[in-house]
Structures are given as structure tokens and as C-alpha cells.
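Participant: These protein sequence lines are chains V, G, F, S, E, Z, H, P, L and D, in that order.
Residue numbers 11 to 128, in the numbering used here, belong to the letters of the first sequence in order.
Residue numbers 11 to 128, in the numbering used here, belong to the letters of the second sequence in order.
Residue numbers 11 to 128, in the numbering used here, belong to the letters of the third sequence in order.
Residue numbers 11 to 128, in the numbering used here, belong to the letters of the fourth sequence in order.
Residue numbers 11 to 128, in the numbering used here, belong to the letters of the fifth sequence in order.
Residue numbers 11 to 128, in the numbering used here, belong to the letters of the sixth sequence in order.
Residue numbers 11 to 128, in the numbering used here, belong to the letters of the seventh sequence in order.
Residue numbers 11 to 128, in the numbering used here, belong to the letters of the eighth sequence in order.
Residue numbers 11 to 128, in the numbering used here, belong to the letters of the ninth sequence in order.
Residue numbers 11 to 128, in the numbering used here, belong to the letters of the tenth sequence in order.
Virtual Cβ for every residue (Gly too), placed ideally from N, Cα, C.
Model, not experiment: these values are computed from the prediction.
This is the structure, below, for whatever I ask next.
10 protein chains.
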Amino acid sequence: MSSPTIETFPNPRPERDYEIAIQYPEFTSLCPKTGLPDFGEIRITYVPGARCIELKSLKYYMIEFRNKGIFYEHVTNQILDDLVAAIQPRRMTVIGDFSVRGGIKTVVTAEYRAEAQG
Amino acid sequence: MSSPTIETFPNPRPERDYEIAIQYPEFTSLCPKTGLPDFGEIRITYVPGARCIELKSLKYYMIEFRNKGIFYEHVTNQILDDLVAAIQPRRMTVIGDFSVRGGIKTVVTAEYRAEAQG
Amino acid sequence: MSSPTIETFPNPRPERDYEIAIQYPEFTSLCPKTGLPDFGEIRITYVPGARCIELKSLKYYMIEFRNKGIFYEHVTNQILDDLVAAIQPRRMTVIGDFSVRGGIKTVVTAEYRAEAQG
Amino acid sequence: MSSPTIETFPNPRPERDYEIAIQYPEFTSLCPKTGLPDFGEIRITYVPGARCIELKSLKYYMIEFRNKGIFYEHVTNQILDDLVAAIQPRRMTVIGDFSVRGGIKTVVTAEYRAEAQG
Amino acid sequence: MSSPTIETFPNPRPERDYEIAIQYPEFTSLCPKTGLPDFGEIRITYVPGARCIELKSLKYYMIEFRNKGIFYEHVTNQILDDLVAAIQPRRMTVIGDFSVRGGIKTVVTAEYRAEAQG
Amino acid sequence: MSSPTIETFPNPRPERDYEIAIQYPEFTSLCPKTGLPDFGEIRITYVPGARCIELKSLKYYMIEFRNKGIFYEHVTNQILDDLVAAIQPRRMTVIGDFSVRGGIKTVVTAEYRAEAQG
Amino acid sequence: MSSPTIETFPNPRPERDYEIAIQYPEFTSLCPKTGLPDFGEIRITYVPGARCIELKSLKYYMIEFRNKGIFYEHVTNQILDDLVAAIQPRRMTVIGDFSVRGGIKTVVTAEYRAEAQG
Amino acid sequence: MSSPTIETFPNPRPERDYEIAIQYPEFTSLCPKTGLPDFGEIRITYVPGARCIELKSLKYYMIEFRNKGIFYEHVTNQILDDLVAAIQPRRMTVIGDFSVRGGIKTVVTAEYRAEAQG
Amino acid sequence: MSSPTIETFPNPRPERDYEIAIQYPEFTSLCPKTGLPDFGEIRITYVPGARCIELKSLKYYMIEFRNKGIFYEHVTNQILDDLVAAIQPRRMTVIGDFSVRGGIKTVVTAEYRAEAQG
Amino acid sequence: MSSPTIETFPNPRPERDYEIAIQYPEFTSLCPKTGLPDFGEIRITYVPGARCIELKSLKYYMIEFRNKGIFYEHVTNQILDDLVAAIQPRRMTVIGDFSVRGGIKTVVTAEYRAEAQG
């Protein structure tokens, strides 16, 4: 996932710890085993540091997964890593809430905390 | 946003820490990039100090944003700053819960605590 | 509000700290400014000491507000004060959850804790 | 309430603290003042010690209240006492969530913790 | 339940503590007393160690209970034991949320924490 | 069910066909086979003729079933017959919406139309 | 109810049959027997003729019932009669959906059709 | 499905056309292709003729499908045929509302009307 | 409202009567009396003739009302007239479902049918 | 859309008119203008003639749209045409219920009836 660029903009209140929560309900990728489409909602919550995530570029970043084969556990951690790299937040949680497959529903939750934070 | 005045009235029980929660579901402003309207609900929760927020003036304060271009992160912090300046509460949280735009939903949460409080 | 009497009965298990939660969804009073009716739900949660609140008398106490002009912040604190005076509970919370007025919804939450409790 | 027997069975995992939550939505008794029927849901949550509650006998225990006159505060505490006596759990909560009467809804919550537990 | 094998795969981010939540809403087994079918939802939440649960094999493991007689308290603890043995997670919770039987609903919750974890 | 009297009062608008719908969510009787309690909601909809059903007496009529053994199909038709006899409505529907028993839920619907009506 | 005046305004599209539906969820009156408050929602649906109902005057008309004793069947028919007299609609339905009293909920529905209409 | 017997009892009001609606939410069978379990809710609505369906025997009839392989379209029609044969109702509808399989949900609806009825 | 242009595109299946339903939940205009903002959802359902409504131009058409003073009854009929003029549908319904004002909610429904249709 | 084949199987009860309803909640295609993904639920209801739709092949048929650019009105009619061609049903309805785009939600409904049917 090297190419899709997440654009950022300066945090308008860097002196205050406040939270931004984003829901992207139209996530879709492919199952690496079967090639069949997977669907889910990605929820991102973060306290910005110097920069915030620009939403339009986030949308294009998400659309890049549309025709890639990737597992639920992997994609949730990957999105967290990519967003942390892009904006170095004070803390961030990424939740991948995926549709039922084979009668089983899966939700993966991964968190990051900046070291200087705690 | 210098002009719109938030009126206040004396806290009827200043000796007790109690909480007032206000929901304003009809917030609307303009997107600074596209000029298109944004919609959302503003939720304010506070413990009053000497004074409380007068609701009718709060409504007129909110309506002032109707034809202004302002980003979600900015407006939520701005409302918190303006209300803290107006009533100096013991603590206050402002949540801006905005409608889906481009398939993405955003909620911004900002808090204030009076220093003598903690 | 001196006249309406809240009747009480002995706590059947005074040796145990347990909680009683009461919802009164049909609260109505008048707006002191406009004279127009206000509506809301009053929720009371308490740990009884020696005595409990008798519900029928509570209903008549609530009905006394029907044609009185009183603000949301005031009435919630008033009910807490009156009930604390009537039964001296170990702790009590009163929540006034009022209907939308002028497009704005308000919820007021006030708490009491007996000093010997903490 | 001396007669109705709550049967028990040996806890299949006494070495592990785990929780059993039971809902009985069809509780009914009589109001001691008016003789009119009361309705409610009894919710029991406990961590078993040596023994668990057998559900069929619990149902018959509950049905015993059908034609007895008893107040909400009393019956919730009584059920807790009877069940604690029957199985000596590590901890137990009993919630009596009763239907609206005279426009007022009541929920009573009582807890027990074995002394050696804490 | 010795035979049904739970397959596993390597945790793609073993260096990060993250949570995987799985819902299996179509659990069914038999009541050991009456032979009648029981139904429920099994919810599993865990922080993986070296390995994760492969979902297709989990489904076949669950289907193995279809024609076995087993009590609610037993089956919930059994699933926890089997899954802990299969993947040695950092922590795991299993909830068995069973349908109403004889007018009574039961939910059993059991937890495991690796010793080195706390 | 000869004894319980349904009281009536004169229809305030006999010249207009209008509908009155009544819900009684706290119906309970006994199963004639097992003696165990049954629960349900009785819904009555009618166009009054010369007289309307007095609600307090309807409540006492319903409470009479509390300790009687009667099947779902029978009780729904019985209530329709008793109410038709009491007020001779232009038309009436009685719905008995009963709780799940043995994993099966039952709703019985019976209608009456006065002959001169159609 | 002779005094409260329902104001009207000219129908902006008298040549088209269209429907206006109004909900007033804060209706309250008194029980003529007990003097206790009753609560409900009044729903009005009509096809206007030459004139429409002015909403502010409708609100004041509704508030007039606040301290009057009147039965459910009577008040629903009364509102229909008063509104039909005020605007002579092509057709109108008034529904009085009242809160539970004594464990029984009542909904009254009355309709009017102009003779030339059908 | 020749063996499972649906028991019946005499219709208590054969002179009146009334409706009985039954929900069985715990239907399960096997997919004839894969052998994997299917789940669904069977809803039956009928106007009885001379006889009604006895519910306990209906439950045992439904449980017979637990380990049989049968398609959705077939089983819904089969249940309708078996029940019509057992009680010769005036009319009957059977709805098979099955769980999602492969991301697709299916509901099958079949009706019967006695010839002399229409 | 002469200026805002509703763009259209050719109906891809003019030989078939099919229905297109559109929801625009973010309608806002001003009250002509008070100048305060009104909010609502506009729902449009139509059977296209030769042409369909282009959605982006519909959005800009709706945004034109943002700072206009117009009553609920008027705006719903106006939108119907403008859309009928733009695409000459076989039939069309416009529903204006407006937010509560002064404790009263209003929904206006207007329909059009092409004469050759019926 | 010539290539994707919809497989069929013989109707198990061709002598009876019965209804099959299918929901496919994970439909996705591309907007022909912007290339951005669209999402929606396709609902199909039909009375089979000689043959029924095989669900697995329907799923693969739906997945074929994943990377095609097609408008809402077009795709709904296209699916109806393809399915009618594949199974010649007695009647069929296809509903395309699409996600909000640009703040506007669209639902398209198209029907087919075999000529000999009505």
C-alpha cells in the first residue's frame, strides 16, 4: 500500500487535546483466499498532534483497497500504521467492523499511543 | 464571530456542582472549500460556575454560523471557546456531530476544565 | 413549594445499601417567561437510609408543578432538595430530561451524597 | 416465603470466577394495598461458588409470588436473600424492573458480596 | 469434544496488543435432560498471542455441538478452554447468550487471562 | 365467565362512526393443561353503537382471568363475545397476542360486525 | 370550548387536493372523574378547502384543554368538530393517542368527509 | 416426512372465521448441497375449519427437520402441504424466513385457500 | 423560483412504468414570519416519462431555498410544480416532512398524475 | 452484461403460485461519471414459473457489477431484464435501494408481469 497518499492539514487547535472520530461505512476489499468481496465499516478515532487527516484523501486511500486481497486482522492494523505514519497523532484507535461471512461476524480493534503521551 | 452575544443568567445553585446538557440538532454552516451546506448536531454539557447559558441567545448564536464557511474541527473548538468565555464554567464539553459528507461521518469532541477545579 | 407533602415509609432493609430508581415521564410545568407549558421526564435514583419515598404522594408532589412557572435548572435542584429533606437518603440523583423548546433540548442532572457516606 | 424450594446443581467450573445472568420477564405479584396485580422483570446476575441455581425450580419459586401481596422494595431484597441462602454465591445482584403504576416506573437493585471475596 | 480441530494462523502483528471480536449467532446444541434443541449466540473476544483463530475451522468446531447434549454453563466454559488451548491468547472472553427456555433467558460469561499478562 | 360485569357509558357521538382502540398489555391466565401461567396483550378495536366500554370495569374483567385455566383460541373468542354482548358495537376486533411458550408465539384475531352494518 | 379561536389562512393551492398532517405530542387535560392529569398526542390529517389551519393558534387552542376535565372519546370528537367548523376541509381525521392509565392504553380515531367530496 | 404426526384439537368457535398466527423462530435444517446447517423462522397464519393445530406436536414436527437436507423453497411448501392435510383449514399461509447464506437472504411465502371458501 | 435549473437526462427504459424514489433529508428554508430557519426532509417519488431528474442539479435546486422565506404548504406544492414542469412525469408525489416548530410537527403531501395516464 | 450466467433449477411446486423474496445487501458498482464506488441493496421478489433462480450463481452475477460504471435507473432495469430472461417468472419486482450520494438517497423499483398472468 505504498502509493495512496493521505493528505493532511494543520491542526487548528494544537494546544488542546481534543478528539476526532471518523466513520467510513463503505469499506470493501477482497478475501485473499476466495477472491470474493468483503465489506465493512472502518471507524477511526484520534487526538491530533500537529496535523489532521484530510477527509477526501482518506476516502481515496480507502478506495485503494477495493480490489486488493487482504485479511481483516491485517487491514485494520495496516490502516492504523498508515494513518499514524501520516499524521503522528497523540493517540489513535482503528476499528474494522466487518460483515458476516460464513455466519460469523468479526470486529478488529487496534490502538496506538504516542510514547511521550503517557 | 465577534458579534453574536451569548446571554447568561445567574446559576440558581452555585454552591452545588450539577450538570446541564444541551442538544442543538439543527446546526448548519457552509463548507469553506465548496460553499455547500454542512449539517450537524451540537451537544454541550457543562457544570455551571456563577452563570448559566440563556438558551434563546444560544440559538441566535448558532444561527449566525448558517452562512459562514468553517471546518468541522474549527467550529467545534470555536463554540467551546466562545461559551467558556461567556460563562466561565467549572467544566464544559462540546461535541460537533456532523452529517455524512462524501460517505464519511465526522464527530469532533473538545473539553475544557477550569484550572481551580482539579 | 412548601405545601405538597412527600410521604415516606420505613426502609424494609436499612442494613443493606440498595438502589431504587423511579421514572416520572409526565412532568409538566409552565415557562416563567412565556407562560407556555413545558414537559419532561423526571428520573430519581437513590439509596435509602431509614425511609423510602411513597410513590402516590410523589405523584401528587409532581402534579403540584403543573401550573407553576419555574425554570429547568431550578426545578431539578428543587426536587432534589425536597426529596433529600423528606427521606435523608444515603445518596440521590435527580435528572430532569425536558422536551425540545425552540429547537433545543435540555437535561439537568443534580446529585446529593450524605456526608457520613463517603 | 419459607416453602418454595430452590434446587441447585454443582458448579461445573468452581475453580473459575465466571458470571451467570438470568432474566425472568414474567414476574407478577399483588399490590398489598389495593390487591391489584403488579408485573415486572426480575434479572439475576451471579458468580457461582460451589453450586448453581437450577432454572426450573427458580421458575416455580417465582410463580409462588403470583397471588401474594408484596411491595417492590421488599420482593427484590427477598429474592436476593432467598437465592443467596440457597447457593452461597461469590457475588449476586438482583434487579426488580417493575411496570408503570400510576404513571411511575420503579426499578430496585440489590447486591450481595461474599465476605471472603473482597 | 476431543476431535474437532480449531485451526490457527500466525498473528500478523504479534508485537501489538489488539482485540479480535467474533460473533457466532447460530449456535445450537441439545438439552441433556429433555433432548430438545437449545439455541444461542456465542461471542468471543480475544487479544492474540502468537496465533489467531481461523474462522472456517471455528465454524466447524461450533457445528460439532449440534447434536450433543450439554448445559449452558458447561458449554461456555468448554469453548473458552478449547480456544485457550488452541491459541494461547493474551486474554479471552467467551459469552454464551442463550434463547429463552421456560420463560427464562440465560447468559454465561467466562474469562481467561494469561498469567504473564497482568 | 358469567360474573364479571363490564360497565358501559353512553356513546358521546352516536351519530358518527368512529373507532376506539384499547391495549391491555398485562393479560395473564393459566394453561389448562399444565396450570402454568400464560401472559399476553389483549387489543380491542371497536366502533361504538349506543354505548362505550368503561375502562376500569374492563380492567377488573381482565383480572378475572388471572387464575382461570383457558386456551388462547378460547379466551380471545370469549372476550369478543362478552364485549359484544355488553355494548352491541357496530364492529369489533379482539386480538390476543400471547408470549412465547415452548419456543412458539401465538396471536389470535377474531372479528364481529353487526348485521345491519354491512 | 366556545372561546379559543382557531385562526386560518388561505389555502395556497385550492385547485389541488393535497394533504396536511400535524402532530401535537404534548396534549394534556384532566380526568373528569379523578381530576388527575391525562396526556396524549393529537394527530390531525386533512385536505384543505379554501383555508388552512394556522399552527400557532392551533397550539393555543390545544393549551386551552390543560385544566379542563374531559374524556378521551369526547375530546377527540370535539377537536374534529371545532376544526371542521373553522376551516371546512374536504376531509379530516383526528386521532387522540392517549397515555396508559390503569395499565390500559386508548387511541380514538374520528373522521369527517365533506358531502360534496364523495 | 411421513412419520411426524401433527396433532389437532376441535376448533372452539367453528361458526366464526377467525385467524390464528404462529411464529416458530428456531427452525433449522441442513443444506442438501453442503450439509451445513440452515436457520430460519417459520410463520403460519390460518383460519381454522373443524380443527386447530396442537402446538406441542407442531414443535416436534418442526424438530424433525433438524438433521434433514432440504431446500428453502421445498421446505416451505412441504410444511404448508402437511398442515393443510392435517387440519383442512379455510385458508393458510406459510412463510419461511431464512437466515443470510453467502450474503443473500431468502423469504418464501406459500398460500392455500379451501375451494369452497372463495 | 424561476432561476434554478433542474437538469434532466433521457429515461433509459421509457417503455416500462417504473418508480424512482428520492430522499433529500437536508432541506432548509426560512420562516417568512420570523426569519428563523426551518428544516425538513423532502421525499419525491415519480414514474418517469421521457426524462429523469438529474440528482446533482436537484441538489442545487434544493439549496436555493436555504435563505428564502416560504411556508411549508407553499414549498411542497412549489417543488411539485417545478419538477413536473421539468420532466413531465407519468405521476409524481412530493412529501415535505418538516421538523417540530413550537411543539408541532407538519408533513405536507402533494400528488400529480398526467391526464393521459388514468 | 452478456457473460455472467444465472443458473436455474426446476420449481419444486410449479402448480402453486408462491413467492420467493431475495435480499442482496452488498451490491456495489461504479458511478459512470466520477468512477467512484456506489453501494446498495438489491431486493428481488418473484413468483416462479417453471424454474427458480440458483442463489450462488446470482451472487456471482451481482459481483460482476463491482467494477462496471452504471447508473441506478439503468442497473435496476438491467437486473430485472436479465432475471426475467433467465427464468421467465409469472411476475417479478426488482428494487435497487442505493446509499446516499451527495446527500440524496435513491430507490428504484421496476416490475414485470407475464402476459398470460393477468
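#1: Roughly how far, in whole angstroms, is the beta-carbon of Z/Glu51 from the beta-carbon of H/Gly113, given that I think they are within contact range, below 8 Å?
#2: What is the DSSP secondary structure of F/Phe75, reduced to helix, strand or coil?
#3: Taking the straight line between their C-alpha atoms, what separation do you get for Z/Glu125 and Z/Phe19?
#4: List, in chain order, every chain V residue whose beta-carbon is nearer than 7 Å to that of P/Val110.
#5: Does the pairing of the stretch 26-46 of chain L with the stretch 96-116 of chain P give three or more beta-carbon distances under 8 Å?
#6: Suppose contacts are defined by Cβ-Cβ distances below 7 Å. Is V/Val118 in contact with V/Glu74 by that definition?
#7: With DSSP collapsed to three states, give me the class of E/Thr86.
#8: Under the assumption that L/Gly59 contacts L/Arg100 (Cβ atoms under 8 Å), give the Cβ distance between them as a whole number of angstroms.
#9: For chain V, check one thing: does any of its Cβ atoms lie closer than 7 Å to the Cβ of G/Ala95?
#10: Say yes only if the C-beta of S/Ala95 is nearer than 6 Å to one or more non-hydrogen atoms of the ligand ADP, and no if none qualify.
#11: Would you say Z/Gln127 reaches chain H, if we count a Cβ-Cβ gap shorter than 7 Å as a contact?
#12: Kindly list, in the order they appear in chain G, the residues whose Cβ is closer than 9 Å to that of V/Tyr34.
#13: Is there a C-beta anywhere in chain H that falls below 7 Å from the one on Z/Leu90?
#14: Below 9 Å on C-beta distance, what does P/Thr38 contact in chain E?
#15: Mind checking if V/Glu17 is an interface residue toward chain P, Cβ cutoff 7 Å exclusive?
#16: Roughly how many angstroms separate the alpha carbons of D/Ser12 and D/Ala95, rounded to a whole number?
#17: Alpha carbon to alpha carbon, how far is S/Leu90 from S/Glu121? Give it in angstroms, no decimals.
#18: If you check the beta carbons only, do V/Tyr56 and V/Ile80 fall under 7 Å apart?
#19: Taking a Cβ distance cut-off of 8 Å, strictly less, list which residues of the stretch 52-75 of chain H are near chain F, in chain order.
#20: Evaluate D/Asn87 with the Cβ neighbour count: other Cβ atoms within 10 Å of its Cβ, from every protein chain shown; 16 or more gives buried, anything less gives exposed.
#21: Thinking just about the alpha-carbon of each residue, which of V/Ser67, V/Arg53 and V/Lys78 is nearest to the one in V/Met102?
#22: Quick one: is V/Phe25 near chain E, going by C-beta distance under 7 Å?
#23: Does the CB of F/Pro42 have a neighbour CB from chain S at under 7 Å?
#24: What is the C-beta distance between E/Ser67 and E/Glu17, in whole angstroms, given that I count them as a contact (C-beta under 8 Å)?
#25: Could you name the residues of the same chain whose beta carbon sits closer than 8 Å to that of F/Ser109, not counting the 5 residues immediately before and after it, in chain order?
#26: Can you find a C-beta in chain D that's less than 7 Å from the C-beta of P/Ala120?
#27: Quick one: is H/Phe81 near chain S, going by C-beta distance under 7 Å?
#28: Which ranges would you report for the alpha helix (DSSP H) in the stretch 18-57 of chain Z if only whole runs of at least 4 residues count?
#29: Roughly how many angstroms lie between the CA atoms of P/Arg76 and E/Asn77, to the nearest whole one?
#30: What does a CB cutoff of less than 7 Å around P/Asp27 pick up in its chain, not counting 5 residues either side in sequence?
#31: With a 10 Å radius around its C-beta and 16 neighbouring C-beta atoms as the bar for buried, classify L/Gly45 as buried or exposed.
#32: Measuring alpha carbon to alpha carbon, tell me which of G/Pro22, G/Ile32 and G/Arg23 ends up nearest F/Asp107.
#33: Considering only DSSP beta bridges, list what V/Thr116 is partnered with.
#34: Just the Cα atoms here: how many angstroms apart are L/Ile97 and L/Cys62?
#35: Is P/Glu125 helix, strand or coil when you go by DSSP?
Facilitator: By the coordinates alone:
#1: So it is not a contact: roughly 11 Å between Cβ atoms.
#2: Residue state, collapsed to three classes: helix.
#3: Each residue's Cα considered, the two are about 23 Å apart.
#4: Near P/Val110 (Cβ distances below 7 Å), the residues of chain V are Val110.
#5: Segments in contact, no.
#6: Not closer than 7 Å, so no.
#7: If DSSP states are grouped into helix, strand and coil, E/Thr86 belongs with the helices.
#8: Indeed they touch by this definition, with Cβ atoms about 5 Å apart.
#9: Not one beta carbon of chain V lies nearer than 7 Å to the beta carbon of G/Ala95.
#10: Absence of the ligand ADP is noted for the structure shown, with no ligands found whatsoever.
#11: With a pLDDT of 43 at Z/Gln127, under the threshold of 50, the modelled position of this residue cannot be trusted; read the value that follows with caution. Taking Cβ atoms only, chain H never reaches closer than 7 Å to Z/Gln127, which makes this a no.
#12: What V/Tyr34 touches in chain G: Gly113, Ile114 and Lys115.
#13: So, not an interface residue.
#14: Going along chain E in sequence order, the residues near P/Thr38 (Cβ under 9 Å) are Glu36, Thr38, Pro47, Phe49 and Arg76.
#15: Among the residues facing chain P, V/Glu17 is not included, as its CB has no counterpart in that chain under 7 Å away.
#16: Residue placement at D/Ser12 is poorly supported in this model, since its pLDDT is 46, which falls under 50; the coordinates still yield a value, given next. Near 12 Å, if we compare the C-alpha coordinates of D/Ala95 and D/Ser12.
#17: For S/Glu121 and S/Leu90, the distance between alpha carbons rounds to 8 Å.
#18: Taking 7 Å as the Cβ cut-off, V/Tyr56 and V/Ile80 do not qualify as a contacting pair.
#19: Flagged, chain order: Ile73.
#20: Buried, since its Cβ has 16 or more Cβ neighbours within 10 Å.
#21: Closest option to V/Met102, Cα to Cα, is V/Arg53.
#22: The sequence given here has Glu at residue 25 of chain V, not Phe. At a cut-off of 7 Å, the C-beta of V/Glu25 has no neighbouring C-beta in chain E.
#23: Chain S has no Cβ within less than 7 Å of the Cβ of F/Pro42.
#24: Sure, about 4 Å apart at Cβ, within 8 Å.
#25: Leaving aside the five residues that flank F/Ser109 on each side, the residues in its chain whose CB is nearer than 8 Å to its CB run, in chain order, Asp48, Phe49, Gly50 and Lys115.
#26: Yes, contact with chain D.
#27: No, H/Phe81 does not count as interfacial toward chain S.
#28: Whole alpha helix (DSSP H) segments, 4+ residues: zero.
#29: Rounded to whole angstroms, P/Arg76 to E/Asn77 spans 9 Å at the Cα level.
#30: Excluding positions up to five away in sequence, the list reads Val57 and Arg100.
#31: Classification of L/Gly45: exposed, given that the 10 Å Cβ count is below 16.
#32: Across the set G/Pro22, G/Ile32 and G/Arg23, the C-alpha of G/Ile32 shows the shortest separation from the C-alpha of F/Asp107.
#33: V/Phe108 and E/Ile32, per the DSSP bridge assignment.
#34: If you take the alpha carbons of L/Ile97 and L/Cys62, they lie about 6 Å apart.
#35: Three-state result, P/Glu125: helix.
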